[in-house]
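S.K.:
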Amino acid sequence: MLSMGNTPIFVADCLGIDISTIYCYRSLYLEGGLDKLLENRYRGYQGLLNIFQIESLKQELRTHLYTDAKQVSQWVKDTFEVTYTPQGMADLLNRIGFSYKKTTEVPCEADPLKQKLFVEALSKILQEKEEGDVVYFAGGVHPTHNSRSTYAWIEKGKEFQQPTVSGRDRLNINGLLNAYDVTDVIALDCECVNAESTKELYELALKKHPNAKNIYIISDNARYYHNKELQNWVEDNRIKQIFLASILSKPQFNRALVEILRKKGNQYGFLSEQDRIPRCYKEFL
1 MLSMGNTPIF VADCLGIDIS TIYCYRSLYL EGGLDKLLEN RYRGYQGLLN IFQIESLKQE
61 LRTHLYTDAK QVSQWVKDTF EVTYTPQGMA DLLNRIGFSY KKTTEVPCEA DPLKQKLFVE
121 ALSKILQEKE EGDVVYFAGG VHPTHNSRST YAWIEKGKEF QQPTVSGRDR LNINGLLNAY
181 DVTDVIALDC ECVNAESTKE LYELALKKHP NAKNIYIISD NARYYHNKEL QNWVEDNRIK
241 QIFLASILSK PQFNRALVEI LRKKGNQYGF LSEQDRIPRC YKEFL
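Just so we're aligned: 124 in our numbering is position 124 of the sequence shown, and the numbers increase by one with no gaps anywhere.
1. Distance, Cα to Cα, Y25 vs G5?
2. Measuring CA to CA, which of T164, A138, T85, E159 is closest to K240?
3. Can you tell me where the alpha helix (DSSP H) with L230 in it begins and where it stops?
4. Would you call the region 187-206 and the region 158-165 touching, i.e. three or more CB-CB distances under 8 Å?
5. Can you name the start and end residues of the beta strand (DSSP E) that D189 belongs to?
6. Among K70, I125, Y66, which residue has its Cα nearest to the Cα of V102?
7. Would you identify the three-state DSSP class for Q241, choosing helix, strand or coil?
8. Over the uninterrupted beta strand (DSSP E) stretch that includes N178, give me the two end residues.
9. What does the Cβ neighbour count give for L34, buried or exposed, with the cut at 16 atoms within 10 Å?
10. Quick check: the Cα distance between L244 and D78, rounded to an integer number of angstroms?
11. How far does the beta strand (DSSP E) with Y202 in it reach, from first residue to last?
12. What do you reckon, are the CB atoms on R238 and N211 nearer than 8 Å?
13. Let me check one thing: in DSSP terms, what residues is V141 bridge-paired to?
14. With burial defined as no fewer than 16 other Cβ atoms inside 10 Å of the residue's Cβ, what is the status of A69: buried or exposed?
15. Identify whether S219 lies in helix, strand or coil by the three-state DSSP scheme.
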């Protein structure tokens with residue numbers, strides 16, 4: 001545009017940029033042509049590690065456990081002779097896709113092959129089940145009878161005291177969770193999770209699904225599930241008991257339910273009488 005006789009002010013107004021920028025671009029062009037004008041001199045910070053070192057760090061973190069950023073910084077220093085502060089390393093780890101979280105517990109004796117065979121057998125059973133059949137996961141939970149400290153909006157410099165009890169007493173909840181509808185929960189508040197309460201729980205399932213030809217119940221290998229009287233009763237009813245292979249862990253919904261109950265219980269504040277606890281939990285269940 002300048003070569004066409006236009007003034008720098010006119011060009012700046014047309015392009016919406018400062019007039020000094022026009023003079024700067026003109027000088028660069030006269031100095032080295034288009035190559036000089038288009039030269040990228042503003043490159044972002046690439047970090048202290050190159051892409052190959054980053055990949056090596058990722059592989060190290062995938063195969064070894066580091067519990068804090070300081071340990072990772074030490075490994076990087078020993079391996080690449082590059083120094084990071086713990087905070088700098090934490091920023092790097094977040095940037096490359098890692099977060100600080102708890103490890104996942106798995107049974108140390110787990111056998112992948114046996115797990116695969118069990119899952120295949122279970123899948124076949126579920127695929128061949130008749131229309132209208134119901135599938136439940138069974139499990140017992142034992143939340144502690146106590147309030148827990150939690151986060152809330154509290155005046156700065158002040159404390160909001162929350163009374164607690166000894167926490168020695170526990171609730172006993174025997175339950176079933178529908179494998180295809182997680183909103184379908186059958187829960188039984190009982191004195192003890194045993195064969196007797198399990199039979200009572202199964203009876204609730206039979207009553208809830210009178211038209212189901214079969215009710216499949218998948219459980220772990222707790223002793224009360226193998227009770228002879230319970231198994232004899234199961235054989236005479238529409239219940240089809242399926243036991244998890246011994247190398248498989250318990251269904252994780254047990255832990256999730258306990259955590260939900262704890263959070264729900266905190267909303268009620270301090271509950272000193274044990275018989276009040278089941279009532280507030282039943283409102284949730």
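Here a beta-carbon is modelled for each residue, glycine too, at the ideal position from N, C-alpha and C.
M.R.: By the coordinates alone:
1. By one-based count along the sequence shown, residue 25 stands at place 25. By one-based count along the sequence shown, residue 5 stands at place 5. Each residue's alpha carbon lies about 16 Å from the other.
2. Residue mapping note: residue 240 aligns to position 240 of the sequence shown, counting from 1. Nearest of T164, A138, T85, E159 to K240, Cα basis: A138.
3. Residue mapping note: residue 230 aligns to position 230 of the sequence shown, counting from 1. Start and end: 228-235.
4. no
5. The residue given as residue 189 occupies position 189 in the sequence shown. Looking at the DSSP string, the run of the beta strand (DSSP E) that includes D189 is 185-189.
6. One-based indexing of the sequence shown puts residue 102 at position 102. Looking at the sequence provided, one finds Lys at residue 102 rather than Val. Distances from the CA of K102 to each of K70, I125, Y66 were compared; the closest alpha carbon is that of Y66.
7. Stepping through the sequence shown from its first residue, residue 241 is reached at position 241. The answer is strand: DSSP assigns Q241 an E or B state.
8. Position 178 of the sequence shown, counted from the start, is the residue given in the question as residue 178. Taken as a continuous stretch (DSSP letters only), the beta strand (DSSP E) holding N178 covers 173-178.
9. Against the sequence shown, residue 34 aligns to sequence position 34. Under this definition L34 is an exposed residue.
10. As a working note, residue 244 is residue 244 in the sequence shown. As a working note, residue 78 is residue 78 in the sequence shown. Cα to Cα, the separation comes out at about 46 Å.
11. Position 202 of the sequence shown, counted from the start, is the residue given in the question as residue 202. Here Y202 belongs to no beta strand (DSSP E); instead the alpha helix (DSSP H) covers 195-208.
12. Looking up residue 238 in the sequence shown gives position 238. Looking up residue 211 in the sequence shown gives position 211. Result no, Cβ atoms of R238 and N211 do not sit closer than 8 Å.
13. The count along the sequence shown starts at 1 and reaches residue 141 at position 141. DSSP, once it has assigned bridges, lists I173 as partnering V141.
14. Start at 1 with the first residue of the sequence shown, and residue 69 comes out as number 69. Buried, by the Cβ-count rule.
15. The sequence position of residue 219 within the sequence shown is 219, counting from 1. Correct three-state label for S219: strand.
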